[in-house]
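Each residue of the sequence shown is one higher than the one before, starting from 7 at the first, in our numbering.
For each residue, glycine too, the CB sits at the ideal point set by N, CA and C.
Just below is one structure, and these are the notes that go with it.
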Amino acid sequence: MRTRPRPRLRLECNGMISAHWHLHLLSSSDSPPSAS
């Protein structure tokens with residue numbers, strides 16, 4: 007019982023990574039050309 011895997015933690019981690027990628031894509035596409 008103690009060594010049971012925790013898929014919830016993995017799902018949360020994947021969610022954070024997905025959110026990070028979404029923010030990165032949004033910021034890179036929404037940023038004005040003068041910013042770069």
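query                                                               : result
Backbone secondary structure at Pro52 - three-state DSSP            : Lying before the first or after the last residue shown, residue 52 is absent from the chain, which here runs from 7 to 42.
C-alpha gap between Trp4 and Arg10, whole angstroms                 : The structure shown does not extend to residue 4, since the chain spans only 7 to 42, so no value can be given for it.
Whole-angstrom distance between Leu15 and Gly21, CA atom to CA atom : 10 Å
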